[in-house]
Amino acid sequence: MDLTYAPEDRAFREQCRAWLEANVPRHDLMTLDERRAWHRKLYEAGYVGMLWPKEYGGWGATPMQQAIVQDEMARAGAPPAINGLGIGFIGPTIIVHGTEWQKRRYLQKMLTAEEIWCQLYSEPNAGSDLASLRTRAEDQGDHFVVNGQKIWTSSGPIADWGILLARTDPGVPKHKGISCLLLHMRQPGVEVRPLKQITGHSLFSEVFMTNARAEKRDLLGKPGQGWEIAQTTLGYERGANSLGRVTRYAISFTQLVRAAKDLRRGGRPLLQDPVVRAKMGKLYAELEVQRYAALRVLSALDKGEAPGPFSSVTKLSYTEFEKRFYETALEILGPYGELMSATADYEEVDTSSGEPGTWATAFLWSRAGTIYSGSSEIQKNIIGERVLGLPKEVRADRLRA
Ligand SMILES: Cc1cc2nc3c(=O)[nH]c(=O)nc-3n(C[C@H](O)[C@H](O)[C@H](O)COP(=O)(O)OP(=O)(O)OC[C@H]3O[C@@H](n4cnc5c(N)ncnc54)[C@H](O)[C@@H]3O)c2cc1C
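Numbering (the working numbering) for the sequence shown: 9 to 409.
This is the structure in structure tokens:
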């Protein structure tokens with residue numbers, strides 16, 4: 009593995025850095041329209057949908073170039089693209105499974121954030137056990153009638169469209185009776201109720217569907233193919249490419265070091281306390297492990313290898329690290345953590361309320377990472393079964409034998 013950047017990648021990085029320096033807006037008070045405008049500007053610069061095929065509005069860039077943009081955006085404290093779920097994994101799922109009509113109708117407007125997308129998978133009794141979902145879609149010839157409830161729908165309150173999993177055939181084993189539909193959110197049969205999170209933001213929601221309508225042409229893939237399509241979405245969602253994330257941690261780490269130099273406890277700077285120094289040293293070592301793990305995945309992607317179930321290793325590793333990182337930060341900062349801004353640009357935290365993100369907010373938000381896109385326990389199950397090839401279930405009587 010070659011850890012140096014090629015001359016053309018270095019030139020691309022410089023060009024990207026210069027563009028961001030000239031264009032990054034002040035973003036803690038951005039309105040929804042301003043965030044859409046910023047997304048569009050990023051797209052027009054070639055920094056959104058970078059890996060998507062050119063025929064659908066993408067840029068045909070390399071994974072390395074995409075990682076460089078994410079890295080530079082983190083460095084510049086740039087607000088992320090607003091249609092993150094659409095760009096990150098719903099659009100790529102439509103590219104894999106969609107009809108030509110669906111690709112032409114939906115992808116370009118997703119790229120420009122003219123239409124914002126959400127993911128309608130989880131239900132009150134179907135999170136980890138997603139295949140138990142109970143939302144029904146009944147085939148009425150030219151359309152489906154949808155009834156049921158979804159929960160934890162990120163971006164639900166601002167979404168125009170949703171990718172929906174619904175049961176179309178209750179008479180077959182549960183994984184086989186699920187279909188995937190593209191649902192228009194702005195219709196009378198769809199009610200979105202925002203949910204207040206522990207951080208105080210309302211980024212996600214409950215969605216109630218009462219005789220909602222989904223057109224036949226908006227069936228993604230074939231009837232009964234929903235489970236397979238969900239695996240495609242989750243593969244993208246678990247995120248193979250985490251270099252930008254590591255850069256954000258590194259920036260936060262630098263801020264933490266600065267704070268530990270400035271703050272005094274017992275008459276001396278915190279950084280002179282041997283316990284604080286030991287904790288910071290451990291964090292730094294873990295941060296470097298994250299960096300090399302991200303580079304390893306990037307190197308594989310650049311060679312055209314698919315991450316597959318290995319994305320669970322990456323996801324488990326960085327989300328658990330993130331929790332430890334902010335826990336340690338709060339231990340070190342004490343009450344100052346409530347007041348001081350965590351300058352890591354927190355892409356998932358909705359800054360539209362205008363509240364600055366404190367270390368305490370980042371700490372609270374870090375709890376989410378080990379739940380969304382499949383909890384840590386589920387990632388461990390996947391790693392055990394699909395990466396290590398361990399048996400699915402070890403029965404107690406066999407253990408004793
Ligand atoms: C910030 C955030 C955003 C989200 N956004 C979306 C979204 O946009 N769209 C969407 O559809 N969903 C979304 N989700 C939902 C997310 O996918 C679910 O919360 C997640 O899959 C877990 O499901 P659950 O909450 O029902 O917990 P449960 O499945 O009830 O799990 C409860 C606990 O049991 C453990 N557990 C469950 N099954 C097993 C098992 N087989 N082995 C070992 N342990 C197990 C879990 O690890 C967990 O600790 C979001 C969640 C969060 C936190």
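Virtual Cβ for every residue (Gly too), placed ideally from N, Cα, C.
From a predicted model like this one, the values you see are computed outputs, not experimental measurements.
Cα separation between Ile-206 and Pro-343? Here residue 206 refers to the residue found at position 198 when the sequence shown is read from its first residue. Here residue 343 refers to the residue found at position 335 when the sequence shown is read from its first residue. So the two alpha carbons sit approximately 18 Å from each other.
DSSP puts Gln-127 in a beta bridge; with which residues? On the sequence shown, position 119 is the one that residue 127 refers to. According to DSSP, which records beta bridges pairwise, Gln-127 is partnered with Ile-171.
Touching by the beta-carbon criterion (3+ pairs, under 8 Å), the region 206-226 and the region 264-273: no
Under the criterion of a Cβ to heavy atom distance below 7 Å, does Phe-371 qualify as lining ligand 1? Counting from 1 along the sequence shown, the entry for residue 371 is found at position 363. No, the beta carbon of Phe-371 sits no closer than 7 Å to any heavy atom of ligand 1.
Go to Pro-71, then tell me how far its alpha helix (DSSP H) extends in each direction, as first and last residue. The residue you call residue 71 lines up with position 63 of the sequence shown. Taken as a continuous stretch (DSSP letters only), the alpha helix (DSSP H) holding Pro-71 covers 71-84.
Specify the secondary structure class of Thr-6 as computed by DSSP and reduced to three states. Any property of residue 6 remains undetermined from this structure, which presents the chain solely from 9 to 409.
Count the other C-beta atoms from every protein chain shown that fall within 10 angstroms of the C-beta of Gln-148, then say buried if there are 16 or more, exposed otherwise. Counting from 1 along the sequence shown, the entry for residue 148 is found at position 140. Its Cβ having fewer than 16 others within 10 Å, Gln-148 is exposed.
Rounded to the nearest angstrom, what separates Arg-83 and Arg-253 at their Cα positions? Counting from 1 along the sequence shown, the entry for residue 83 is found at position 75. Counting from 1 along the sequence shown, the entry for residue 253 is found at position 245. Roughly 10 Å between the two C-alpha positions.
Considering only the alpha carbon of each residue, which of Ser-136, Ile-171, Val-154, Thr-161 lies closest to Met-118? Stepping through the sequence shown from its first residue, residue 118 is reached at position 110. The shortest Cα separation from Met-118 among Ser-136, Ile-171, Val-154, Thr-161 belongs to Ile-171.
Is it the case that the region 53-61 contacts the region 97-106, given that we only count it when at least three CB pairs across the two stretches are under 8 Å? yes
Which one of Glu-296, Ser-140, Asp-168, Ala-167 has the shortest CA to CA distance from Tyr-187? Locating residue 187 in the sequence shown gives position 179, where the first residue counts as 1. The residue asked about is misnamed: residue 187 is Ser in this sequence, not Tyr. If we check each option's Cα against that of Ser-187, Ser-140 comes out closest.
Mark Trp-160 as exposed unless 16 or more other C-beta atoms lie within 10 angstroms of its C-beta, in which case mark it buried. Residue mapping note: residue 160 aligns to position 152 of the sequence shown, counting from 1. The residue is buried, with at least 16 neighbouring Cβ atoms inside 10 Å.
Exposed or buried, what is Asn-91 when buried is set at 16 or more other beta-carbons lying within 10 Å of its beta-carbon? Counting from one through the sequence shown, the residue named residue 91 turns up at place 83. By the 10 Å Cβ count, Asn-91 comes out buried.
Short of 8 Å in beta carbon distance, which residues of its chain neighbour Cys-392, apart from the five on each side in sequence? Order them along the chain. Translated into the one-based positions of the sequence shown, residue 392 becomes position 384. Checking the displayed sequence, the identity of residue 392 turns out to be Gly instead of Cys. Excluding residues within five positions, the ones whose Cβ falls inside 8 Å are Leu-398.
Is the beta carbon of Phe-329 sitting closer than 8 Å to the one on Glu-385? Locating residue 329 in the sequence shown gives position 321, where the first residue counts as 1. Locating residue 385 in the sequence shown gives position 377, where the first residue counts as 1. No, the Cβ-Cβ distance between Phe-329 and Glu-385 is not below 8 Å.
Gln-298 versus Ala-314 - alpha carbon distance: Here residue 298 corresponds to residue number 290 of the sequence shown, with the count starting at 1. Here residue 314 corresponds to residue number 306 of the sequence shown, with the count starting at 1. Rounded to whole angstroms, Gln-298 to Ala-314 spans 19 Å at the Cα level.
Just how far apart, CA to CA, sit Tyr-13 and Pro-61? Walking along the sequence shown from the start, residue 13 turns up at place 5. Walking along the sequence shown from the start, residue 61 turns up at place 53. Between Tyr-13 and Pro-61, the C-alpha separation is close to 24 Å.
I want to know whether the region 303-317 touches the region 368-377 - three or more CB-CB distances under 8 Å. no
Ignore the nearest five residues each way along the sequence and tell me which others in Leu-278's own chain have a CB closer than 8 Å to its CB. Translated into the one-based positions of the sequence shown, residue 278 becomes position 270. Excluding positions up to five away in sequence, the list reads Ala-267, Ala-268, Lys-269, Leu-271, Arg-272, Val-284, Ile-340.
With a Cβ-Cβ cutoff of 8 Å, do Ser-213 and Pro-202 count as a contact? The residue you call residue 213 lines up with position 205 of the sequence shown. The residue you call residue 202 lines up with position 194 of the sequence shown. Yes.
Quick check: the region 304-311 against the region 69-80, are at least 3 beta-carbon pairs closer than 8 Å? yes
Which residue wins for smallest C-alpha separation from Leu-50, given the options Pro-88, Tyr-64, Met-38? Position 42 of the sequence shown, counted from the first residue, corresponds to residue 50. Residue Pro-88 is the option with its Cα nearest to Leu-50.
So, with DSSP's three-state summary, where would you put Trp-60? Here residue 60 corresponds to residue number 52 of the sequence shown, with the count starting at 1. In the structure shown, Trp-60 sits in coil (DSSP, three-state: anything other than H, G, I, E or B).
With a CB to CB cut of under 7 Å and the five nearest residues on each side skipped, what residues in its chain are close to Ile-237? One-based indexing of the sequence shown puts residue 237 at position 229. Cβ neighbours of Ile-237 beyond the five flanking positions: Thr-101, His-105, Cys-188, Leu-228, Gly-229.
Among Ser-260, Tyr-300, Arg-276, whose alpha-carbon lies nearest the alpha-carbon of Met-288? Residue numbering aside, residue 288 sits at position 280 when the sequence shown is read from its first letter. Closest option to Met-288, Cα to Cα, is Ser-260.
Nonlocal neighbours in the same chain, by C-beta distance under 6 Å from Leu-324, ignoring five residues either side: By one-based count along the sequence shown, residue 324 stands at place 316. These residues qualify, in order along the chain: Ser-384, Gln-387.
Selected residue, minimal CA-CA separation from Ile-394, among Ser-320, Trp-373, Thr-336: Mapped onto the sequence shown, residue 394 falls at position 386. The residue you asked about is not Ile; residue 394 is Arg in the sequence shown. The shortest Cα separation from Arg-394 among Ser-320, Trp-373, Thr-336 belongs to Ser-320.
Is Ile-386 near ligand 1, going by C-beta to nearest heavy atom under 7 Å? In the sequence shown, the residue the question calls residue 386 occupies position 378. It does: the Cβ of Ile-386 is within 7 Å (strictly closer) of some heavy atom of ligand 1.
Classify Glu-313 as helix, strand or coil using the three-state DSSP reduction. As a working mapping, residue 313 is identified with position 305 in the sequence shown. Looking at Glu-313 - three-state DSSP - the assignment turns out to be coil, as it is neither helix nor strand.
Under the three-state DSSP convention, the category Gln-195 falls into: Working through the sequence shown from its first residue, we reach residue 195 at position 187. If DSSP states are grouped into helix, strand and coil, Gln-195 belongs with coil.
Does Ile-102 come out as helix, strand or coil in the three-state DSSP assignment? As a working mapping, residue 102 is identified with position 94 in the sequence shown. DSSP places Ile-102 in helix when its eight states are reduced to three.
For my contact list, Leu-191 and Leu-128 are in at a C-beta cut-off of 8 Å; report their separation, rounded to the angstrom. Translated into the one-based positions of the sequence shown, residue 191 becomes position 183. Translated into the one-based positions of the sequence shown, residue 128 becomes position 120. The Cβ separation is near 7 Å, so the contact holds.
Around the Cβ of Asp-150, are there at least 16 other Cβ atoms within 10 angstroms (buried) or fewer (exposed)? What you label residue 150 is simply residue 142 of the sequence shown in a count that begins at 1. With fewer than 16 other Cβ atoms within 10 Å, it is exposed.
Under three-state DSSP, which class holds Trp-67? Residue mapping note: residue 67 aligns to position 59 of the sequence shown, counting from 1. Coil, per DSSP.
Where DSSP assigns a beta bridge to Asn-155, which residues make up the other side? Taking the sequence shown and counting its residues from 1, the one referred to as residue 155 is at position 147. In the DSSP output, where bridge partners are listed per residue, Asn-155 has Arg-144.
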